[in-house]
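Start counting the sequence shown at 11; every next residue gets the next number (the numbering used here).
Accompanying notes for the structure given below.
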Amino acid sequence: MSIEIISTRTPAEAFLADVFGATKALLPGNADVATWREKAFETFRASGLPHRRVEAWHYTDLRAFMRQALPIAAPPDAASIKALRNDLTKAGAPAPRLVLVDGFFIPELSEGLPSGLRVHSLASVLSEGRSHLIALLSAQDLGTFDPVVSLNAALMQDGVVIEVAPGAVVSEPINLIHAATSRAPSAHFSRSALIIGAGASIRLAEWCHPHGHVESWPASQANDCLIISLGDEAKLARTEMVTGAAPGSVRLESCMVRMGAKATFENFALVLGEGLLRRQMFLRFEGAGSQGLLSGVSLLAGREHADTTLLVEHVGQGCVSRETFKYILDEEATGVFQGKIHVGRDAQKTDGRMLCKALLLSDTAAMNSKPELEIFADDVVCGHGATCVGLNLEQLFYLQTRGLPFAQAEALLLEAFAGEVIDEIGHEGLIEIFRRQVVAWLSARRLPKPVASIADDTEELVAASPERGV
Numbered sequence: 011m012s013i014e015i016i017s018t019r020t021p022a023e024a025f026l027a028d029v030f031g032a033t034k035a036l037l038p039g040n041a042d043v044a045t046w047r048e049k050a051f052e053t054f055r056a057s058g059l060p061h062r063r064v065e066a067w068h069y070t071d072l073r074a075f076m077r078q079a080l081p082i083a084a085p086p087d088a089a090s091i092k093a094l095r096n097d098l099t100k101a102g103a104p105a106p107r108l109v110l111v112d113g114f115f116i117p118e119l120s121e122g123l124p125s126g127l128r129v130h131s132l133a134s135v136l137s138e139g140r141s142h143l144i145a146l147l148s149a150q151d152l153g154t155f156d157p158v159v160s161l162n163a164a165l166m167q168d169g170v171v172i173e174v175a176p177g178a179v180v181s182e183p184i185n186l187i188h189a190a191t192s193r194a195p196s197a198h199f200s201r202s203a204l205i206i207g208a209g210a211s212i213r214l215a216e217w218c219h220p221h222g223h224v225e226s227w228p229a230s231q232a233n234d235c236l237i238i239s240l241g242d243e244a245k246l247a248r249t250e251m252v253t254g255a256a257p258g259s260v261r262l263e264s265c266m267v268r269m270g271a272k273a274t275f276e277n278f279a280l281v282l283g284e285g286l287l288r289r290q291m292f293l294r295f296e297g298a299g300s301q302g303l304l305s306g307v308s309l310l311a312g313r314e315h316a317d318t319t320l321l322v323e324h325v326g327q328g329c330v331s332r333e334t335f336k337y338i339l340d341e342e343a344t345g346v347f348q349g350k351i352h353v354g355r356d357a358q359k360t361d362g363r364m365l366c367k368a369l370l371l372s373d374t375a376a377m378n379s380k381p382e383l384e385i386f387a388d389d390v391v392c393g394h395g396a397t398c399v400g401l402n403l404e405q406l407f408y409l410q411t412r413g414l415p416f417a418q419a420e421a422l423l424l425e426a427f428a429g430e431v432i433d434e435i436g437h438e439g440l441i442e443i444f445r446r447q448v449v450a451w452l453s454a455r456r457l458p459k460p461v462a463s464i465a466d467d468t469e470e471l472v473a474a475s476p477e478r479g480v
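Here it is in structure tokens:
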């Protein structure tokens, strides 16, 4: 009797396996890095693209959405870089800045970097075998169980590695610009690192540069990783503007963060854009007395799909984590929020809370919220809340009685809803930019339709105890 073995790989998974086999010898890195890549791809191969039966990906079925994988983008040529330089100048791109083009770090487009920073390309770090930096880039056990992170490790082409000297204080934001020049459907895999020395302080602002008209862009697939290491008493305020992808695009972003003692990490993201977006963060409080504030606003319409998934691990004592995310969903858009707080046995005096609020502007929009607490210490305060409602019709009616047209009244309420989070950024210039983006999105919306308030409006804060918190 013979047994026929039938491969269950999807065309996209088979294509990725072929790409890895054909390009692995050309990717940057010494023998140790090559071994790391092989192991990472075997991890990905064992699971394949994540799908609904994988709990962490239940609401974002990547296997179903990504029917085909795209060829990997080549490094930008001289003509593309020159055109982008003119474009950045014309657009008044902010400085100091670092620029990634199709996932490749382009030093000649960067300018105005202050003292106290050392910057390398990922390719040079891997090729020269800088063991200390490579160990940080591997992120060890943070997120390495995730198939998307493993795929990134196997195929990473380039990225930027930023080292901030201990004690350095950089007051103005360092702008990290992600630009695209490829005119053909393509994929890229980048991995970057931000290593902040003890007592240093920095603000990082990430932007998607709108090169040309979005309507003329081809669909793309991006798989980016950022590794962050904060030393003791270090501070990082990071903001991110995620926008401008073409319809049908897939954007996967992973961020792995390690925090020392008495460190502070603030992270805000404004999400607008077409296609599928998955932002996932793995944050670990390793030292005592640190703070992490994670927040974001997602504005979605059409058939856009945006997923924010967070895993916050409390290992050190007396750390505080706050998560606040807001969604405005119109037409057939889908929002996903998954937040998990894990408190280890030794993480006494932990204070962790998460909150997700969604406004549905259409009866065909959908929101999936999944907060989780996993607590093994007995002296903690943790809680979570979630709301999913339509606009308050009484507030709308009140504004209309004051003479505002319906559309203007609705836009005012929506802007106020999003602005509550944006105002917490702590930098006036950035607050103004993000608020303008919200206003622009609201102005570009199709004529709004009144919807009835949804009865399912719940918010819960749960005081955790060992018996009920796990």
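C-beta: ideal position from N, C-alpha, C; glycine also.
For clarity, every value in this text was computed on a predicted model and none was experimentally measured.
* Length of the line joining the Cα atoms of Ala88 and Gly58 -> In the sequence shown, counting from the first residue as 1, residue 88 sits at position 78. In the sequence shown, counting from the first residue as 1, residue 58 sits at position 48. If you take the alpha carbons of Ala88 and Gly58, they lie about 36 Å apart.
* **contact_flag[the stretch 179-188, the stretch 203-214] where n(CB pairs < 8 Å) is 3 or more** => Contact between the stretch 179-188 and the stretch 203-214 is present, because at least three Cβ pairs lie under 8 Å.
* To do: Determine the closest residue to Glu382 out of Ala375, Cys366, Ala376, with distance taken between C-alpha atoms.
  => The sequence position of residue 382 within the sequence shown is 372, counting from 1. Minimum Cα-Cα distance from Glu382 among the listed residues Ala375, Cys366, Ala376 corresponds to Cys366.
* To do: Identify the continuous beta strand (DSSP E) that holds Asn185 and give its terminal residues.
  => Position 175 of the sequence shown, counted from the start, is the residue given in the question as residue 185. Annotation: the continuous beta strand (DSSP E) that includes Asn185 extends over 184-189.
* Hey, could you find the ends of the alpha helix (DSSP H) Ile144 is sitting in? => In the sequence shown, residue 144 corresponds to position 134, counting from 1. First-last of the alpha helix (DSSP H) with Ile144: 141-148.
* Asked: Going by C-alpha distance, which of Ser120, Leu262, Asn40, Ala428 is nearest Ser305?
  -> Taking the first residue of the sequence shown as 1, we reach residue 305 at position 295. For Ser305, the nearest C-alpha among the options comes from Ala428.
* Status (buried if at least 16 other CB within 10 Å, exposed otherwise) for Phe155 -> Locating residue 155 in the sequence shown gives position 145, counting from the first residue. Phe155 is classed as exposed because its beta carbon has fewer than 16 other beta carbons within 10 Å across all chains shown.
* Apply the 10 Å Cβ neighbour rule to Ser264 and answer buried if 16 or more other Cβ atoms are within range, or exposed otherwise. => The sequence position of residue 264 within the sequence shown is 254, counting from 1. That one is buried.
* Gly439 (DSSP reduced to helix, strand or coil) -> Stepping through the sequence shown from its first residue, residue 439 is reached at position 429. Gly439: helix per DSSP, three-state reduction.
* **Pro183 beta carbon less than 9 Å from that of Ala163** => For the purposes of this step, residue 163 is identified with residue 153 of the sequence shown, where counting begins at 1. For the purposes of this step, residue 183 is identified with residue 173 of the sequence shown, where counting begins at 1. Contact: no.
* Asked: So the beta strand (DSSP E) Asn378 belongs to, where does it begin and stop?
  -> Here residue 378 corresponds to residue number 368 of the sequence shown, with the count starting at 1. For Asn378, the enclosing beta strand (DSSP E) covers residues 376-385.
* Nearest to Phe335 by alpha carbon, out of Arg294, Gln290, Ala368? -> As a first step, residue 335 must be located in the sequence shown, where it is residue number 325. Answer by Cα proximity: Ala368.
* Asked: Exposed or buried, what is Gly31 when buried is set at 16 or more other beta-carbons lying within 10 Å of its beta-carbon?
  -> Residue 31 sits at position 21 when you count from the first residue of the sequence shown. Exposed, since its Cβ has fewer than 16 Cβ neighbours within 10 Å.
* Asked: Who are the near neighbours of Met377 in its chain, counting only those whose CB is closer than 7 Å to its CB and skipping five residues on each side?
  -> The residue labelled residue 377 in the question sits at position 367 within the sequence shown. Excluding positions up to five away in sequence, the list reads Tyr337, Leu339, Gly345, Ala368, Leu370, Cys398.
* Asked: Ala175 to Leu246, Cα distance in whole Å?
  -> Numbered from 1 along the sequence shown, position 165 holds the residue referred to as residue 175. Numbered from 1 along the sequence shown, position 236 holds the residue referred to as residue 246. In this model, Ala175 and Leu246 are separated by some 13 Å (Cα to Cα).
* To do: Might you give, ordered along the chain, the residues of its own chain that have their beta carbon closer than 7 Å to the beta carbon of Asp168, omitting 5 neighbours on each side?
  => The residue labelled residue 168 in the question sits at position 158 within the sequence shown. Result list for Asp168: Gly113, Phe114, Phe115, Ser131, Leu132, Ala133, Ser200, in chain order.
* Starting from the Cα of Phe292, find the closest Cα among Gly349, Ala271, His61 and give me that residue. => Numbered from 1 along the sequence shown, position 282 holds the residue referred to as residue 292. If we check each option's Cα against that of Phe292, Gly349 comes out closest.
* Taking the alpha-carbon positions, what's the His198 to Ala190 distance? -> Indexing the sequence shown from 1 puts residue 198 at position 188. Indexing the sequence shown from 1 puts residue 190 at position 180. One C-alpha to the other measures close to 10 Å.
* In chain order, what residues of the same chain lie with their CB nearer than 7 Å to the CB of Asp104, ignoring the 5 residues before and after it? -> Here residue 104 is taken as the residue at index 94 of the sequence shown, counted from 1. Checking the displayed sequence, the identity of residue 104 turns out to be Pro instead of Asp. Same-chain partners within the cutoff: Asn185.
* Asked: What do you get for Pro117, buried or exposed, if any count of 16 or more other CB atoms within 10 angstroms of its CB means buried?
  -> What you label residue 117 is simply residue 107 of the sequence shown in a count that begins at 1. Exposed: under 16 other Cβ atoms inside 10 Å.
* On the three-state DSSP scale, how would you describe Asp42? -> Position 32 of the sequence shown, counting from 1, holds the residue named residue 42. Three-state DSSP puts Asp42 in a helix.
* Which partner residues does Glu296 have in the DSSP bridge list? -> Here residue 296 refers to the residue found at position 286 of the sequence shown. Answer by DSSP bridge pairing: none, since Glu296 is not bridged.
* Selected residue, minimal CA-CA separation from Ser120, among Leu127, Pro106, Gly126, Arg128 -> By 1-based counting over the sequence shown, the position of residue 120 is 110. Measuring C-alpha to C-alpha distances from Ser120 to each of Leu127, Pro106, Gly126, Arg128 identifies Pro106 as the nearest.
* Whole-angstrom Cβ separation of Arg294 and Arg332, contact assumed at under 8 Å? -> Numbered from its first residue, the sequence shown carries residue 294 at position 284. Numbered from its first residue, the sequence shown carries residue 332 at position 322. In this structure, Arg294 and Arg332 do not form a Cβ contact; the two beta carbons are roughly 16 Å apart against a cut-off of 8 Å.
* Asked: Got a sec, what are the start and stop residues for the alpha helix (DSSP H) Arg73 sits in?
  -> Position 63 of the sequence shown, counted from the start, is the residue given in the question as residue 73. For Arg73, the enclosing alpha helix (DSSP H) has its first and last residue at 72-75.
* **Close-in-space but distant-in-sequence residues of the same chain around Leu165 (CB under 6 Å, 5 per side omitted)** => Your numbering for residue 165 matches position 155 in the sequence shown. Within the same chain, Leu165 has close Cβ partners Phe199.
* To do: Quickly, what does DSSP pair Gly362 with across the bridge? List them, please.
  => Residue mapping note: residue 362 aligns to position 352 of the sequence shown, counting from 1. Ser331, Cys392.
* Using a threshold of 9 Å, state whether the C-beta atoms of Glu342 and Ser372 are closer than that. => The residue you call residue 342 lines up with position 332 of the sequence shown. The residue you call residue 372 lines up with position 362 of the sequence shown. Closer than 9 Å, so yes.
* Nearest CA to the CA of Ala24: which residue from Ala194, Phe54, Arg313, Leu136? -> The sequence position of residue 24 within the sequence shown is 14, counting from 1. The shortest Cα separation from Ala24 among Ala194, Phe54, Arg313, Leu136 belongs to Phe54.
* 7 Å CB neighbourhood of Ala22 in its chain, flanking five on each side removed -> Translated into positions along the sequence shown, residue 22 becomes position 12. Contacts found: Leu59, Met76, Arg77, Gln78, Ala79.
* Within the present structure, is the beta-carbon of Phe278 separated from the nearest heavy atom of the ligand ADP by less than 8 Å? -> Of ligands this structure carries none, so the ligand ADP is not represented either.
* When we look at the beta-carbon of Leu36 and count the other beta-carbons within 10 Å, is it buried (16 or more) or exposed? -> Along the sequence shown, read from residue 1 onward, the residue named residue 36 stands at position 26. Exposed, by the Cβ-count rule.
* **4 or more residues per run - each alpha helix (DSSP H) lying fully within the stretch 108-168** => As far as the stretch 108-168 is concerned, its whole alpha helix (DSSP H) runs of at least 4 residues are 132-138, 141-148, 157-165.
* Asked: Buried or exposed: which applies to Asp28, given that a residue is buried once 16 or more other Cβ atoms fall within 10 Å of its Cβ?
  -> Stepping through the sequence shown from its first residue, residue 28 is reached at position 18. Exposed, since its Cβ has fewer than 16 Cβ neighbours within 10 Å.
* Could you give the DSSP three-state label for Lys350: helix, strand or coil? => Here residue 350 corresponds to residue number 340 of the sequence shown, with the count starting at 1. Three-state result, Lys350: strand.
* **When Pro157, Pro85, Leu146, Thr253 are compared against Val64, the one with the closest alpha-carbon** => By 1-based counting over the sequence shown, the position of residue 64 is 54. Minimum Cα distance to Val64 is reached at Pro157.
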